[in-house]
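Residue numbers (the numbering used here): 8 to 173.
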């Protein structure tokens with residue numbers, strides 16, 4: 008089998024040299040095409056009832072976003088170009104998509120798994136209602152949910168990195 012050659016990690020353990028961009032660009036371009044900033048769900052999103060979500064950004068500004076039942080919350084936030092990184096591309100290997108969730112009482116919000124709790128343990132500013140947005144699938148019962156972005160997330164990039172949706 009052919010091997011994928013990745014750039015060597017810097018002494019700090021991060022892949023921050025210029026060759027790393029060669030690996031990330033095709034993935035980022037493919038994902039950006041699938042989840043453009045249009046106001047409709049991406050073509051590959053499951054068709055279902057619309058779900059409205061209010062997102063409060065770090066400055067306190069409210070954004071009204073709308074997705075479809077079955078759509079991943081992280082992808083919805085990225086589609087609306089809100090500053091949620093998702094560095095691991097929703098593989099449950101980081102906490103950069105950390106959000107605070109206030110869902111309606113009758114919400115179809117899935118329970119936090121042990122794996123999600125393990126990742127949340129690394130998130131700064133953890134609260135009782137902390138979740139990873141990559142682990143939330145929109146459902147009709149989540150219509151009207153409020154999501155607040157934390158003041159910061161933790162990633163293994165060097166200081167000064169500006170998050171971009173993948």
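Where is the CB? At the ideal position from N, CA and C, for every residue including glycine.
Sequence-distant residues of the same chain with beta carbon closer than 7 angstroms to residue i, five excluded per side
i, result
"residue 102", "126, 127, 129, 130, 139, 160 and 161"
"residue 110", "116, 149 and 152"
"residue 158", "65 and 132"
Residue i versus the options, residue with shortest Cα-Cα distance
i, options, result
"residue 93", "152, 143 and 151", "143"
"residue 89", "100, 104 and 78", "104"
Sequence-distant residues of the same chain with beta carbon closer than 8 angstroms to residue i, five excluded per side
i, result
"residue 115", "146, 147, 148 and 149"
"residue 120", "142"
"residue 154", "60, 61, 62, 63, 80, 84, 106, 107, 108, 109 and 140"
"residue 99", "122, 123, 126, 139, 141 and 142"
"residue 67", "none"
Residue i: first and last residue of the uninterrupted beta strand (DSSP E) it sits in
i, result
"residue 71", "69-75"
"residue 153", "152-155"
Spatial neighbours of residue i in its chain, beta-carbon cut-off 6 angstroms, leaving aside the 5 residues before and after
i, result
"residue 73", "57 and 59"
"residue 136", "107 and 108"
"residue 7", "Look at the range of the chain in this structure, 8 to 173, and you will see that residue 7 is not part of it."
"residue 123", "139 and 142"
"residue 134", "107"
Span of the alpha helix (DSSP H), counted from its first residue to its last, around residue i
i, result
"residue 139", "Premise fails: residue 139 lies in the beta strand (DSSP E), 137-139, not in any alpha helix (DSSP H)."
"residue 134", "Where residue 134 is concerned, there is no enclosing alpha helix (DSSP H), given that its DSSP letter is neither H nor E."
"residue 149", "Counting along the chain, residue 149 falls outside any alpha helix (DSSP H), and DSSP gives it neither H nor E."
Residues sharing a beta bridge with residue i, DSSP
i, result
"residue 63", "69 and 155"
"residue 144", "79"
"residue 58", "74"
- Query: Enumerated in chain order, which unbroken segments of the alpha helix (DSSP H) with a length of 4 residues or greater are wholly contained in the stretch 95-122?
  - Reply: none
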